[in-house]
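K.L.:
Chains as they are written, first to last, in our numbering: chain A, 1 to 422; chain B, 423 to 850.
#1: Throw me the rounded Cβ distance for the residue 92(A) and residue 23(A) pair, which I believe falls under 8 Å.
#2: Identify the residues that DSSP records as bridge partners of residue 26(A): which are they?
#3: Going along chain B in order, which residues have a C-beta closer than 7 Å to the C-beta of residue 265(A)?
#4: Quick check: the region 702-722 of chain B against the region 656-675 of chain B, are there 3 or more CB pairs under 8 Å?
#5: Let me know if residue 416(A) comes out buried or exposed under the rule of 16 or more other beta-carbons within 10 Å of its beta-carbon.
#6: Check whether chain A comes within 8 Å of residue 451(B), counting only Cβ atoms and requiring the distance to be less than that.
#7: Shortest alpha-carbon distance to residue 86(A) belongs to which of 31(A), 126(A), 131(A) and 109(A)?
#8: Counting only runs of 3+ residues fully inside the region 730-756 of chain B, write out the beta strand (DSSP E) ranges in chain order.
#9: Buried or exposed for residue 165(A), going by 16 or more other Cβ atoms inside 10 Å?
#10: Return the residue from the list 16(A), 341(A) and 378(A) that minimises the CA-CA distance to residue 514(B).
#11: Does chain B have any CB closer than 8 Å to the CB of residue 1(A)?
#12: If you measure from the beta carbon of residue 435(B) to each beta carbon in chain A, is any gap under 8 Å?
#13: Nearest chain A C-beta to residue 675(B) closer than 8 Å, yes or no?
#14: Along chain A, in chain order, which residues have C-beta atoms closer than 7 Å to that of residue 726(B)?
#15: Have a look at residue 544(B) and residue 647(B) and give me their C-alpha separation to the nearest angstrom.
#16: My guess is that residue 462(B) and residue 528(B) are in contact by the Cβ rule of under 8 Å, so how many angstroms apart are they, rounded?
#17: Is the beta carbon of residue 808(B) sitting closer than 8 Å to the one on residue 784(B)?
#18: Are the C-beta atoms of residue 338(A) and some chain B residue less than 8 Å apart?
#19: Answer yes or no: does any C-beta atom of chain B fall closer than 8 Å to that of residue 32(A)?
#20: Count the other CB atoms within 10 Å of the CB of residue 212(A); is the residue buried (16 or more) or exposed (fewer)?
#21: Using a 10 Å radius around the Cβ and a threshold of 16 neighbouring Cβ atoms, would you call residue 476(B) buried or exposed?
#22: Return yes when the Cβ of residue 627(B) is within less than 8 Å of the Cβ of residue 806(B), no when it is not.
#23: Per DSSP, which one or two residues make a beta bridge with residue 464(B)?
#24: Using the three-state DSSP reduction, which class does residue 77(A) fall into: helix, strand or coil?
#25: For the region 554-576 of chain B, list every residue whose C-beta sits within 7 Å of some C-beta in chain A, in sequence order.
#26: For residue 661(B), is the classification buried or exposed, using 16 other Cβ atoms within 10 angstroms of its Cβ as the cut-off for buried?
#27: Roughly how many angstroms lie between the CA atoms of residue 312(A) and residue 301(A), to the nearest whole one?
#28: How big is the Cα-Cα spacing for residue 21(A) and residue 321(A)?
#29: Examine the Cβ distances between the region 380-391 of chain A and the region 251-261 of chain A and report whether three or more of them are shorter than 8 Å.
#30: Spatial neighbours of residue 41(A) within its chain, please: C-beta separation below 7 Å, excluding the five flanking residues on both sides.
#31: When you measure from the CB of residue 613(B) to every non-hydrogen atom of the ligand COA, does any distance come out below 7 Å?
#32: Quick one: give me the first and last residue of the beta strand (DSSP E) that residue 667(B) is part of.
#33: For residue 694(B), which of helix, strand or coil comes out of DSSP?
#34: Would residue 368(A) be called buried (16 or more neighbouring beta carbons within 10 Å of its own) or exposed?
#35: Please list the partners that residue 73(A) has in chain B, where partner means a Cβ-to-Cβ separation under 7 Å.
#36: For a contact defined as C-beta to C-beta under 7 Å, what are the partners of residue 789(B) on chain A?
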């Protein structure tokens with residue numbers, strides 16, 4: 001029995017509801033327009049637009065918009081990805097009737113005059129400066145940018161400072177008109193809500209638009225590049241990319257279990273080997289990074305510069321061991337129990353439920369909520385694991401990005417094949 | 423003998439919300455229940471001794487103990503404890519801060535009993551061994567280095583040191599390289615024996631649980647700890663703030679980071695709720711809107727700015743943090759100080775909006791059993807109060823503009839702020 005309901009508004013967004021009784025609700029929009037859609041020479045236009053949304057709208061000046069959000073006790077937020085942009089509001093369920101039209105107006109009709117664009121551009125440039133100090137994000141951005149050579153997925157999510165500085169009002173208006181179209185959006189509400197009221201509000205907030213489907217992105221083929229930047233840091237930032245699934249991959253949930261097993265908790269292979277046994281790091285974790293046509297399993301960790309090679313070697317060895325020796329039944333059962341448990345517990349948050357269905361509705365063949373994912377995880381068996389782990393065969397190319405005092409050429413020595421014993 | 427569960431206060435003590443459950447074991451352990459309609463149960467076992475209770479030469483030892491809780495008990499190795507937790511699907515972690523150390527774990531309802539046993543074993547029967555500390559010391563140092571790579575963390579620690587010089591609240595929770603090099607397992611054992619007092623232990627359970635069964639299980643698990651009657655040493659008095667700015671030139675970060683602290687009341691002060699509202703008007707951690715956001719970030723003087731209220735027992739601080747570039751740092755600094763000076767003119771509509779934001783935030787943050795348990799652990803052990811969402815809402819709504827004006831007039835943020843700037847600059 002699923003708690004998910006959906007309805008496609010004619011010429012408008014797909015509306016999805018995901019019930020969770022309580023006092024709160026989250027409402028969000030996802031748009032099929034990420035950095036991979038940005039025109040050449042305008043990398044960062046989606047990021048600047050992102051900064052303009054929630055600043056003012058055609059009918060709401062900045063003060064009025066701020067007061068509307070504050071009076072509703074609403075928390076706003078947004079996120080960008082190579083394939084999507086999303087915007088959401090979280091608050092008390094009683095404020096949902098005001099939140100939905102407000103969110104729609106902010107996204108469909110943001111103020112895009114010269115002054116708005118100048119302010120949004122300044123904010124975007126500030127976020128780029130901040131990104132240089134958000135080192136996990138910085139090094140994983142670097143990894144993705146090198147992981148899909150020549151493909152739009154390699155566009156930097158936040159753009160580049162040079163191209164952002166050259167963006168003008170016309171660029172933003174054209175990008176908004178081309179991509180922020182109701183028929184390419186998914187609207188999701190999670191928590192406590194009245195579905196009939198949600199549909200009424202959505203119908204009055206999204207005027208029908210003629211369908212203008214996006215061109216599909218060309219298929220992406222991941223590459224295992226090695227890239228690095230030398231910075232005078234006390235910690236070496238390291239990210240590694242392994243083969244992984246795209247959204248819709250029939251083995252997606254087997255991959256999720258493998259990722260959990262590799263780097264998902266206190267009993268994960270990476271935690272036990274790299275932190276507990278070798279003391280090389282405070283934490284080494286793994287997560288799935290899936291796109292519509294390709295995906296990766298990403299490992300991230302930090303260590304002191306003199307142990308960077310050892311860290312990378314330990315990760316590579318852990319992956320090799322997993323690929324070669326496979327997984328015992330008890331370990332598989334534990335990883336599945338952990339994953340299923342995390343999933344159900346994460347679903348206590350209305351925002352987490354909203355994000356789950358937004359991503360699923362945009363990128364998966366059918367919308368999966370927590371209940372469907374739980375069933376899929378329960379169905380993962382030893383044969384599925386073996387099939388997935390075959391991708392991590394000895395000699396599998398591993399992508400590497402690193403930022404810190406040690407050059408990438410040196411750090412990548414950790415990826416050299418282990419010597420064969422005489 | 424152990425007392426049976428009963429409504430709190432049993433004898434004129436501190437008030438606890440009617441929807442909550444409370445019991446005190448005869449040895450002094452307190453058990454608090456926060457019922458929720460959730461599919462999970464979260465336990466938080468909180469020991470009220472944190473970095474501010476440490477002697478200077480052992481600064482960081484509580485955080486070391488937190489790490490060693492996961493390395494094994496007298497009955498099981500660390501790996502065995504982790505395997506049991508993983509098989510339960512437990513989401514387990516721990517934190518140390520100035521006032522305490524806490525291990526917590528969240529599981530699906532059906533696993534609650536095993537989860538509670540595991541947590542109690544981990545935290546009350548640790549086996550501190552030389553090899554475990556030898557293996558864990560580099561991990562603690564890695565964690566410290568990772569924190570020192572985060573300018574926001576560095577900024578907040580710098581402002582704590584500036585606000586509380588030569589006081590335990592000003593010392594880093596993780597310790598220093600010198601103290602971490604000095605700490606031996608024998609120190610850990612001695613120190614833990616000193617701080618593990620049942621009268622400083624609180625077990626919080628939040629989520630879908632049967633109170634009677636949880637209480638009985640907690641009683642069985644925790645009654646074996648011997649009650650203590652020796653007094654708990656009181657921390658030294660908090661120093662008066664010395665207003666001023668320190669500029670530290672460093673090439674470690676490309677941006678300039680400004681951090682400030684203004685003194686405000688702590689958990690036990692009746693103005694605790696007014697302090698929360700003052701911090702929200704000034705800086706709103708969620709960055710939706712605030713005086714600082716409008717004045718500093720939206721005028722492009724900084725690319726990030728917020729303020730947050732942090733309460734301790736008797737004392738509190740509102741942190742302000744801004745990240746900017748060297749050429750804008752001076753203007754951002756002046757704008758922040760100007761906003762401190764304007765805190766005395768808060769209007770009723772601003773207070774109303776801050777109240778709406780806080781009430782909504784508390785409700786949203788309280789969706790999960792884990793966040794609810796941790797918030798309850800901090801609030802209850804800090805203040806002795808445990809309010810339901812409805813009671814918290816009422817407490818915020820009861821704060822008036824006159825309360826805020828009185829608070830500002832008492833604490834004089836424009837004259838009591840302390841600040842630190844660091845990054846590629848030598849002066850502001």
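Glycine is no exception: its CB is placed at the ideal position from the N, C-alpha and C atoms.
P.N.:
The relevant details are as follows:
#1: Residue 92(A) to residue 23(A), Cβ: 6 Å. Contact.
#2: Partner(s): 90(A) and 190(A).
#3: Residues of chain B passing the Cβ test: 508.
#4: Touching, no.
#5: With a 10 Å radius around the Cβ and a threshold of 16 neighbouring Cβ atoms, residue 416(A) comes out exposed.
#6: No, no contact with chain A.
#7: Here the closest residue by C-alpha is 31(A).
#8: The region 730-756 of chain B contains these whole beta strand (DSSP E) runs: 737-746.
#9: Residue 165(A) counts as exposed, since fewer than 16 other C-beta atoms from the protein chains shown sit within 10 angstroms of its C-beta.
#10: Out of 16(A), 341(A) and 378(A), 341(A) has the C-alpha closest to the C-alpha of residue 514(B).
#11: Unreliable placement is indicated for residue 1(A), whose pLDDT of 44 sits below 50; no coordinate value is reported for it.
#12: With a pLDDT of 34 at residue 435(B), under the threshold of 50, the modelled position of that residue is not reliable, and the figure given next carries that caveat. Among the residues facing chain A, residue 435(B) is not included, as its CB has no counterpart in that chain under 8 Å away.
#13: Answer yes: the Cβ-Cβ gap between residue 675(B) and chain A drops below 8 Å somewhere.
#14: Those within 7 Å of residue 726(B) in chain A are 130.
#15: Cα to Cα, residue 544(B) sits roughly 14 Å from residue 647(B).
#16: Right, the Cβ-Cβ distance comes to about 5 Å (below 8 Å), so this counts as a contact.
#17: Not a contact, by the Cβ cut-off of 8 Å.
#18: By this cut-off, residue 338(A) is an interface position.
#19: No, no contact with chain B.
#20: Its Cβ having fewer than 16 others within 10 Å, residue 212(A) is exposed.
#21: Residue 476(B) is buried by the Cβ-count criterion.
#22: No; because the gap between Cβ atoms is not below 8 Å, this pair is not in contact.
#23: Residue 464(B) is bridged to 528(B) and 628(B).
#24: Secondary structure of residue 77(A) (DSSP, three-state): strand.
#25: Listed in sequence order: 557, 560, 561, 564, 565, 567, 568, 570, 571 and 573.
#26: Residue 661(B) counts as exposed, since fewer than 16 other C-beta atoms from the protein chains shown sit within 10 angstroms of its C-beta.
#27: Take the alpha-carbon of residue 312(A) and the one of residue 301(A): they are about 9 Å apart.
#28: C-alpha separation (whole angstroms): 45 Å.
#29: At 8 Å Cβ cutoff, the stretches touch.
#30: For residue 41(A), same chain residues with a beta-carbon under 7 Å away, outside a window of 5 residues either side, are 163 in chain order.
#31: The ligand COA is absent from the structure shown, which contains no ligands of any kind.
#32: Run containing residue 667(B): 666-671, per the beta strand (DSSP E) assignment.
#33: In the structure shown, residue 694(B) sits in a helix (DSSP, three-state: H, G or I).
#34: Residue 368(A) should be labelled buried.
#35: Ordered by position in chain B, the residues that pass the 7 Å Cβ test against residue 73(A) are 778, 779, 781 and 782.
#36: Residue 789(B) reaches chain A at 22, 24, 348, 349 and 350, counting residues in chain order whose Cβ is nearer than 7 Å.
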